[in-house]
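Here the structure is laid out as structure tokens; the discussion comes afterwards.
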Amino acid sequence: MTDLAQNTLDGLFLGSSYALLALGFTLIFGVLRRVNLSFGPAIMFGCYAATWVNLNFGVGLMALALITVAGAVLAGAYVERLCFAPHRNGSPIAAMVASFALWMQFEELATIALPRHIYDFPPLHGGTPLEFGGLMLRVESLVMLLAAIVMCAVLWGILYRTRFGVALRAVIDQPQAAQLAGIDVPRVFVLTFALASAIGGLAGFLIAASHEQVTPMLGMWSTLKGLLAMMLGGLGSLPGAVLGGLALGLLEAHSQWFLGPQYRDLLAYLLLFVLLAARVPWMTTRSAS
Amino acid sequence: MSALLEIRDLVTAYGKIEALKGVTLEVQQESITCLLGPNGAGKTTLMMSIAGILKPRQGAIQFGGENIAGRPPHAIVAKGIALVPENRLVFPTMTVLENLQAGAYQQGDKKTIAEDIDRMFVRFPRLKERIEQQAGTLSGGEQQMLAVARALMSRPKLLLMDEPSLGLAPLVVEEIFRIVTDLHRDGTTIFLVEQNAHMALKVAQHFYLMEQGKVSFSGTPGALAEDEVIRRAYLGSSKT
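Residue numbers (this note's numbering), protein chains in the order written: chain A, 2 to 290; chain B, 1416 to 1655.
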């Protein structure tokens, strides 16, 4: 019983990091109808920038968080300008392949700047986990869950309470009518990329701090988890992204416990396959709000 | 009267295919000008070119003494042109109120926006009843009214309307045309694309016939017998 509760808790914490990644992914997909494979690598770039600064100058945690987010936003804007702006009305495949090329760029850049495969990343707390009635709670996990809840609230506020939010939802809903309403759509694209990358950067910082290490694989890992969570929640739906992330986390935590770590990813992809094959209703809609 | 909009030798192409092959026409200040023609004549292409969605290859679009051809859509809205697009294109998952707010995107002042929204609800009382409803759940006629109201929220000097009666029941079509004449009476200049030539000729002061990417006739509604206009508007004249 305690195991089940512990696994569920772990799954929720893991899932909240996936939810953050999926939120960023979904914003970009919802607005552009394009898959950005470089989403994760841009986050990894932010983490590496922070690690590099930390190794050379030794800065505090807050500064590391800021550098990670700033690095991810910068890398995200670079991806938008190079991969998505030129293909705005063109082929979605061209944009996706271009974003794959930038993925390779980010990985190469990371290994040139920091050639060892693994670097330490300072933990948020570092102490022993807290214990509540037999359940273990890591401070990092709690912060992750809190960050996910706060980001959802902030994102909701931006989408439903600001002028930019109206513009963003208008672009998601009906891009041509958004242009006709006088919305500067290319500007909305860039700002959306910046916003999504900032959310991703925050997730990246928390993930790196919770793993206490960074590797170039963080890029691929973030893209795969974000993509999977986004698809589980139904493409382009923001609440779906959060639910998809949490579901993925729970599934992974439980399957790892009951079946063993080697089945963890297999089961997640199997579930995605079954859901897609069964054409569950929420996956066939393309609405974003 | 002077021309608010002057289009000269406008060419717009999709790849190698020219949909507009040198269109020249004028819309007079405070008029209703109507554009008729068969499907594929290039009417929607012309509207999209004026609104900046499509980039013309050649020619000029003079609006208020300035050439706006090739400017981006948001810059053209800022100049005072709003297009009610074909098939309405409301924002389906946003509420009626949010659709109107999106239409006022370039209006800075919150108080003015609130006043404009109130004015829209006076003009379109049906929209007020549906204020919190998602636009995608409205009927076709209501969506058309919302699309018109959304365009008016940008306070345009020139209102472009692309087939506002498309797919609507006769009674609703009557209502849409009543709104068109109301707007005109209140001082809005209207440039209207219509399939319903009979209704369009009743409200317009001037009309153009377009065929195969060119203006083939220009005149006042009495200048050509209505059945001749309708025949050419639906079938084109080249076959006779």
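Where a beta carbon is used, it is the ideal one built from N, C-alpha and C, also for glycine.
At least 8 Å separates the beta-carbon of E1590 of chain B from that of E1609 of chain B. In summary, A1584 of chain B is exposed, with fewer than 16 beta-carbon neighbours lying within 10 Å of its beta-carbon over all protein chains present. For I1468 of chain B, the nearest CB of chain A lies under 8 Å from its own CB, placing it at the interface with that chain. Chain-ordered listing is empty here: chain B has no CB closer than 7 Å to the CB of R82 of chain A, the nearest sitting near 17 Å. Apart from sequence neighbours up to five positions away, the residues of its chain that approach S100 of chain A with a beta-carbon distance below 7 Å are N37, L38, S39, V80 and C84, ordered along the chain. Remark: C-beta atoms of Q1559 of chain B and T1510 of chain B do not approach each other more closely than 8 Å. For F1606 of chain B, no Cβ of chain A is located within less than 8 Å of the residue's own Cβ.
In summary, A154 of chain A is exposed, with fewer than 16 beta-carbon neighbours lying within 10 Å of its beta-carbon over all protein chains present.
L136 of chain A and I44 of chain A have their C-alpha atoms spaced approximately 31 Å apart.
Within the stretch 1502 to 1536 of chain B, the residues whose Cβ lies closer than 8 Å to some Cβ of chain A are L1504, V1505, F1506, P1507, T1508, M1509, E1513, Q1516, A1517, G1518, Y1520 and Q1521, listed in chain order.
Between the beta-carbon of A51 of chain A and that of G25 of chain A there is about 17 Å, and that puts the pair past the 8 Å contact cut. Partner residues in the beta bridge of A1497 of chain B, as assigned by DSSP, are B:L1574. Here DSSP, grouped into helix, strand and coil, assigns R280 of chain A to coil.
Using a CB distance cut-off of 8 Å, A178 of chain A counts as an interface residue toward chain B. Rounded to the nearest whole angstrom, the CA to CA distance from G1474 of chain B to G1628 of chain B is 14 Å. Within the stretch 1473 to 1503 of chain B, contact with chain A at the beta-carbon level (separation under 8 Å) is assigned to P1487, P1488, H1489, V1492, A1493, A1497, L1498 and P1500. At a cut-off of 4 residues, the continuous stretches assigned as alpha helix (DSSP H) that sit fully inside the stretch 1534 to 1594 of chain B are 1540 to 1544 and 1555 to 1567. The beta carbons of L1504 of chain B and Q177 of chain A sit about 6 Å from each other, so the pair counts as a contact at 8 Å. When the alpha-carbon of G250 of chain A is set against those of A:L239, A:L233 and A:S238, the nearest one is in A:L233.
The beta carbons of S211 of chain A and M152 of chain A sit no closer together than 8 Å.
DSSP places Q1477 of chain B in the strand class (E or B) of the three-state scheme. Counted as a single uninterrupted DSSP element, the beta strand (DSSP E) harbouring L1607 of chain B occupies residues T1604 to V1608. DSSP places A1456 of chain B outside both helix and strand once states are collapsed to three, so it counts as coil. Here the alpha carbon of P123 of chain A sits roughly 11 Å from the alpha carbon of E141 of chain A. If you draw a straight line from the Cα of T1439 of chain B to the Cα of G241 of chain A, it comes to about 50 Å. When DSSP assignments are scanned along the stretch 41 to 104 of chain A, no uninterrupted stretch of beta strand (DSSP E) that is 3 or more residues long falls wholly within it. R1565 and S1569: these are the residues of the stretch 1553 to 1572 of chain B whose beta carbon lies less than 7 Å from some beta carbon of chain A, given in chain order.
Cβ atoms of G41 of chain A and G227 of chain A come within 8 Å of each other, at about 6 Å.
The way I'd put it, the stretch 1618 to 1633 of chain B does touch the stretch 1445 to 1460 of chain B; three or more beta-carbon pairs between them come closer than 8 Å. Counting the other Cβ atoms within 10 Å of the Cβ of Y1429 of chain B gives fewer than 16, which makes it exposed. Here S1631 of chain B carries a strand assignment [DSSP, helix/strand/coil]. Taking a Cβ-Cβ cut-off of 8 Å, R34 of chain A has no neighbours in chain B, whose nearest Cβ is about 15 Å from it. When 7 Å is used as the limit between beta carbons, G183 of chain A is near these residues of chain B: H1489, V1492, A1493, Y1520, Q1521 and S1569, in chain order. Listed in chain order, the beta strand (DSSP E) runs fully inside the stretch 123 to 184 of chain A are 131 to 133 and 136 to 138, counting runs of at least 3 residues. For V191 of chain A, the closest Cβ of chain B is not nearer than 8 Å. The alpha carbon of S1464 of chain B has as its nearest neighbour, out of B:G1479, B:I1491 and B:V1442, the alpha carbon of B:I1491.
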